[in-house]
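Chains U and R are the protein sequences, given in the same order. First residue of the first sequence? That's 6 in my numbering, and the numbers climb one at a time after it. First residue of the second sequence? That's 6 in my numbering, and the numbers climb one at a time after it. These notes concern the structure reproduced below.
There are 2 protein chains.
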Amino acid sequence: MMKISIIGAGNVGINMFEALRKKKEIKMVSLFNRSIEKILSHRKKIFITNNINEIKKSDIYIISTNDDSIEKVSNELKGRDGLIVHTSGSTEMKVLSIHKNFGVLYPLQTLTKDKLCDFKKIPICIEGNKNINNQKLKKLVKIIGSKCYNFDSKQRLALHVSAVFACNFTNYLFSIAYDICAENKIPFEIFFPLIRETIEKIEKNNPSKIQTGPGIRKDLNTIKKHLNFIKSKNSKKIYSILTEGIIANNGK
Amino acid sequence: MMKISIIGAGNVGINMFEALRKKKEIKMVSLFNRSIEKILSHRKKIFITNNINEIKKSDIYIISTNDDSIEKVSNELKGRDGLIVHTSGSTEMKVLSIHKNFGVLYPLQTLTKDKLCDFKKIPICIEGNKNINNQKLKKLVKIIGSKCYNFDSKQRLALHVSAVFACNFTNYLFSIAYDICAENKIPFEIFFPLIRETIEKIEKNNPSKIQTGPGIRKDLNTIKKHLNFIKSKNSKKIYSILTEGIIANNGK
Numbered sequence: 006m007m008k009i010s011i012i013g014a015g016n017v018g019i020n021m022f023e024a025l026r027k028k029k030e031i032k033m034v035s036l037f038n039r040s041i042e043k044i045l046s047h048r049k050k051i052f053i054t055n056n057i058n059e060i061k062k063s064d065i066y067i068i069s070t071n072d073d074s075i076e077k078v079s080n081e082l083k084g085r086d087g088l089i090v091h092t093s094g095s096t097e098m099k100v101l102s103i104h105k106n107f108g109v110l111y112p113l114q115t116l117t118k119d120k121l122c123d124f125k126k127i128p129i130c131i132e133g134n135k136n137i138n139n140q141k142l143k144k145l146v147k148i149i150g151s152k153c154y155n156f157d158s159k160q161r162l163a164l165h166v167s168a169v170f171a172c173n174f175t176n177y178l179f180s181i182a183y184d185i186c187a188e189n190k191i192p193f194e195i196f197f198p199l200i201r202e203t204i205e206k207i208e209k210n211n212p213s214k215i216q217t218g219p220g221i222r223k224d225l226n227t228i229k230k231h232l233n234f235i236k237s238k239n240s241k242k243i244y245s246i247l248t249e250g251i252i253a254n255n256g257k
Numbered sequence: 006m007m008k009i010s011i012i013g014a015g016n017v018g019i020n021m022f023e024a025l026r027k028k029k030e031i032k033m034v035s036l037f038n039r040s041i042e043k044i045l046s047h048r049k050k051i052f053i054t055n056n057i058n059e060i061k062k063s064d065i066y067i068i069s070t071n072d073d074s075i076e077k078v079s080n081e082l083k084g085r086d087g088l089i090v091h092t093s094g095s096t097e098m099k100v101l102s103i104h105k106n107f108g109v110l111y112p113l114q115t116l117t118k119d120k121l122c123d124f125k126k127i128p129i130c131i132e133g134n135k136n137i138n139n140q141k142l143k144k145l146v147k148i149i150g151s152k153c154y155n156f157d158s159k160q161r162l163a164l165h166v167s168a169v170f171a172c173n174f175t176n177y178l179f180s181i182a183y184d185i186c187a188e189n190k191i192p193f194e195i196f197f198p199l200i201r202e203t204i205e206k207i208e209k210n211n212p213s214k215i216q217t218g219p220g221i222r223k224d225l226n227t228i229k230k231h232l233n234f235i236k237s238k239n240s241k242k243i244y245s246i247l248t249e250g251i252i253a254n255n256g257k
């Protein structure tokens, strides 16, 4: 039986907690949060605390605080014997290096508390400071039911940067399209088939090979027309920079 | 029986041709292309020509050439009685105004010749210079099996601009993510669940309300880390501009 404590009841922490507490191979022993009010609702399921020294002896301590607090929390756990891991995509493993056994357990998904995730659909990236810790984390991911990827800290940072481009920035572009549609009384749903088609295509191809649109065609007339049409200065700038990028990319 | 000719055997033209020729309500009477070689393979299915004067008398002439040629082709059709339409997202209807009956039939999808599309999944935007032409185009779209939207030229341009943001630019961002992954030996498929989740969310929400990532959190540490990590000057610039946009947008 693997004993686990969760430190930080944010979106990742709560999703991990709810997934792990249902597994027979796992015993959840503590849930820590700085503000106790936020975790009161869980007190019947698990020992809760806002005092880090009260966290029970565990095989794995999962630090799922925000990135800026990881090192501080880690320091407060000094002297603990178990495996200390954080769940951050953009934080190096070595911030935990005051411990003997440490690592990373990073779920590649936007998690929210309101809607618990299905970890079967979520890749988890692991990194351990020793092979034995890699093995432990691999085993834990298997119990969770996620697909496991073994990445070092540089790869994880690359992954996190890529995720910003592939998800955060694309969502932002959708929001620009949404606003233009709203201003012109166009139902945004008209795009759903086109967006789905775009996604299906990138699942089968290198995206740069299937680029379409006025940029890749160097259709300067259309580009000019579009730029004249766009009112927002910000969106105009984004249109120009991305179009330039597509044109330059094509020349490679 | 509606007689139709298609002028321009590009991706849109061939997809329309193949869809329409199977409909019992339609009789395809000519397929025109400047270069006859490109349409020789269709000669058993339909009368083909590269001489615009040989195009047979039709109820609807569909001009599916590239945008720059629409007006020229339209002028060459001067004096024809039927309804003359083009299929371009970013061209105003009025370029066809030398005719009595004219309009637009714009399928909102990236079409390719290699893989014929299923028009049931593709919205088509129509515009006619008279109500009766709107009715005719609406009927044609119904026969094709597509969802029909009645938009004026300004709305169609807005739609086209939005499509560039929602599809062309997002594809380009995927290509940047793909390249970063490739450089760091990360299989791009790791993103498919996250991308699918992003799409499912925007189908239910205003995208600006569900923005995530370091920009919206104003997580300057992570943003700095990411910018240091990105090697390509171009991608660095795009990262900065989009992050600034997200931060500014959040302040609204």
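By construction, the Cβ of each residue, glycine as well, lies at the ideal position given by its N, Cα and C atoms. Remember, it's a predicted structure, so these values are computed and weren't measured experimentally.
Asked	Found
Would you kindly check if the distance between the Cβ of F37 (chain U) and the Cβ of N55 (chain U) is under 9 Å?	yes
I215 (chain U) by DSSP, collapsed to three states: which one?	helix
Looking at the structure shown, is T54 (chain R) part of a helix, part of a strand, or coil, going by DSSP?	strand
Answer with yes or no whether the minimum CB distance from H91 (chain R) to chain U is below 9 Å.	no
Looking at the structure shown, is N189 (chain R) part of a helix, part of a strand, or coil, going by DSSP?	coil
Which same chain residues end up closer than 7 Å to A258 (chain U) when comparing Cβ atoms and leaving out the 5 residues on each side of it in sequence?	The question about residue 258 (chain U) has no answer, for chain U in this structure spans 6 to 257.
Just checking: is the beta-carbon of E42 (chain U) within a distance shorter than 9 Å of some beta-carbon in chain C?	Of the chains in the structure shown, none is chain C; the protein chains are U and R.
What are the residues in the segment 128-154 of chain U lying within 7 Å of chain R by C-beta distance?	P128 and Y154
Taking CB distances under 9 Å as the criterion, tell me whether I200 (chain R) reaches chain U.	yes
For the beta strand (DSSP E) holding V109 (chain U), just list the boundary residues, first then last.	F107 to P112
Quick one: any contact between the segment 220-227 of chain U and the segment 190-201 of chain R, if contact means 3 or more CB pairs under 8 Å?	no
How many Å lie between N155 (chain R) and N136 (chain R) at the Cα?	11 Å
Say whether the segment 244-254 of chain U touches the segment 36-53 of chain R, bearing in mind that this needs 3 or more beta-carbon pairs closer than 8 Å, one atom from each stretch.	no
Once DSSP output is grouped into helix, strand and coil, what is the label at K43 (chain R)?	helix
Hey, would you say E76 (chain U) sits closer than 9 Å to V100 (chain U), going by beta carbons?	yes
Where DSSP assigns a beta bridge to E132 (chain U), which residues make up the other side?	U:V109
Would you call the CB atoms of K8 (chain U) and K61 (chain U) closer than 9 Å?	yes
Which residues mark the beginning and the end of the alpha helix (DSSP H) in which S10 (chain R) is found?	That residue, S10 (chain R), is in no alpha helix (DSSP H); its beta strand (DSSP E) goes M7 to I12.
Would you decide whether K141 (chain U) is buried or exposed? Buried here means 16 or more other CB atoms lie within 10 Å of its CB.	buried
Verify whether the separation of the beta carbon atoms of V78 (chain R) and I68 (chain R) is less than 9 Å.	yes
Residues of chain U with CB under 8 Å from T70 (chain R), in chain order?	What T70 (chain R) touches in chain U: nothing, since even the nearest Cβ is about 13 Å away.
With which residues is L36 (chain R) paired in a DSSP beta bridge?	R:I11 and R:I53
When the distance is taken between beta carbons, is I131 (chain U) closer than 9 Å to G94 (chain U)?	no
With V78 (chain U) as the anchor, note down where its alpha helix (DSSP H) starts and where it stops.	I75 to E81
Any Cβ of chain U within less than 9 Å of the Cβ of K159 (chain R)?	yes
Per DSSP, which one or two residues make a beta bridge with L88 (chain R)?	R:I65
Select from U:K206, U:K229, U:N239 and U:C172 the residue whose C-alpha is nearest the C-alpha of T117 (chain R).	U:K206
Please classify D73 (chain U): is it buried, with 16 or more other beta-carbons within 10 angstroms of its beta-carbon, or exposed?	exposed
Grouping DSSP H, G and I as helix and E and B as strand, with all else coil, what is I31 (chain R)?	strand
If you draw a straight line from the C-alpha of C186 (chain R) to the C-alpha of D157 (chain U), how long is it?	13 Å
When you check each C-beta in the segment 203-214 of chain U against every C-beta of chain R, which residues fall closer than 9 Å?	T203, I204, K206, I207, E208, N211, P212, S213 and K214
Quick one: what does DSSP say K265 (chain R) is sitting in, helix, strand or coil?	Since the first residue shown for chain R is 6 and the last is 257, residue 265 (chain R) is missing from the structure and cannot be characterised.
Quick check on the DSSP output: the alpha helix (DSSP H) that includes V17 (chain U) runs from which residue to which?	N16 to L25
Quick check on A253 (chain U): buried or exposed, where buried means 16 or more other Cβ atoms within 10 Å of its Cβ?	exposed
Under 8 Å by Cβ, that's how I've got P212 (chain R) and Y183 (chain U) pegged, so tell me the actual separation to the nearest angstrom.	5 Å
Taking only runs of the alpha helix (DSSP H) that begin and end inside the segment 221-249 of chain U, which ones reach a length of at least 4 residues, in chain order?	225-234
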